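In what follows, a structure is listed as structure tokens, so that the remarks can point back to it.
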Amino acid sequence: MEEGDLAAGKRTAAERGAWIVFEDEAGQSMTPPRARTWGRVGQTPVVRVRGRGSGRVSMAGMVCFKPGRRSRLIYAIREYRGRKDEPKGFGWRDFRDLVVRARIQLGGPIVLVWDNVRLHLTIGMEEFIEANAEWLTVFQLPAYAPDLNPTEGTSGRW
């Protein structure tokens, strides 16, 4: 990771006295799984599941590091129940609000490292990053690099 362009964020964070923040998101459907099981010959087993099971849970989390400080986990959860005019997942404004909340909680500049999700690359998010360049520096991870993002290991266990 220290070869090439990947170590640039470390130097930038040290020069600015900033937190290094890795962001990732995950989602899980709340529809119960369908499965087969064993039963007596001639008797089909019936597995009852309560509730409709529709909906989705989306999570976005940030793992925050700074030398000499305790690491932090800052996250947001959005539940989708299929109601009219209810957003299914996170929008770019939700990511913006999460970054602002992280800055308030961490109390200093941020060097943000995240993947190339479509919502991270929107015009609104780019304008937000440019408008807050005095405390926010953003680095994009390569196209598919889960091994470089420490939040990849935590998002599946929330």
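Per our numbering, residue 2 is the first one in the sequence shown, and the count goes up by one each step.
Yeah, the Cβ is synthetic: ideal placement off N, Cα and C, and Gly gets one too.
Note that the coordinates shown come from a computational prediction; the quantities given were computed from them, not determined experimentally.
Using three-state DSSP, classify residue i as helix, strand or coil.
i: Leu99; result: helix
i: Phe66; result: strand
i: Arg41; result: coil
i: Thr138; result: strand
i: Arg73; result: strand
i: Glu26; result: strand
i: Arg104; result: helix
i: Arg119; result: helix
i: Glu87; result: coil
i: Arg49; result: coil
I need the straight-line Cα distance from residue i to residue j, nearest angstrom please.
i: Ala77; j: Pro110; result: 20 Å
i: Glu127; j: Arg17; result: 21 Å
i: Val47; j: Ala134; result: 58 Å
i: Val112; j: Arg12; result: 10 Å
i: Leu120; j: Trp93; result: 5 Å
i: Lys85; j: Gly43; result: 44 Å
i: Thr1; j: Arg41; result: Nothing can be reported for residue 1: it is not among the residues displayed for the chain, which extend from 2 to 159.
i: Gly62; j: Asp116; result: 13 Å
i: Leu137; j: Ile130; result: 7 Å
i: Val114; j: Ala15; result: 15 Å
i: Gly90; j: Arg97; result: 14 Å
i: Trp20; j: Cys65; result: 6 Å
i: Pro88; j: Leu99; result: 16 Å
Per DSSP, which one or two residues make a beta bridge with residue i?
i: Met126; result: Beta-bridge pairing links Met126 to no other residue.
i: Ile21; result: Phe66, Val112
i: Arg12; result: For Arg12, which the question treats as bridged, DSSP gives no partner whatsoever.
i: Arg57; result: Ser30, Tyr81
When the Cα of residue i is compared with those of the options, which residue comes out closest?
i: Gln106; options: Glu127, Arg71, Gly83, Glu26; result: Arg71
i: Arg49; options: Gly56, Val58, Thr38; result: Thr38
i: Arg82; options: Met63, Met31, Ala132; result: Met31
i: Pro68; options: Glu80, Ile75, Pro88, Val22; result: Val22
i: Ile75; options: Pro88, Asp98, Ala103, Trp20; result: Ala103
i: Val101; options: Arg79, Ala132, Glu80; result: Ala132
i: Gly125; options: Asp95, Ser59, Pro143, Asp25; result: Asp95
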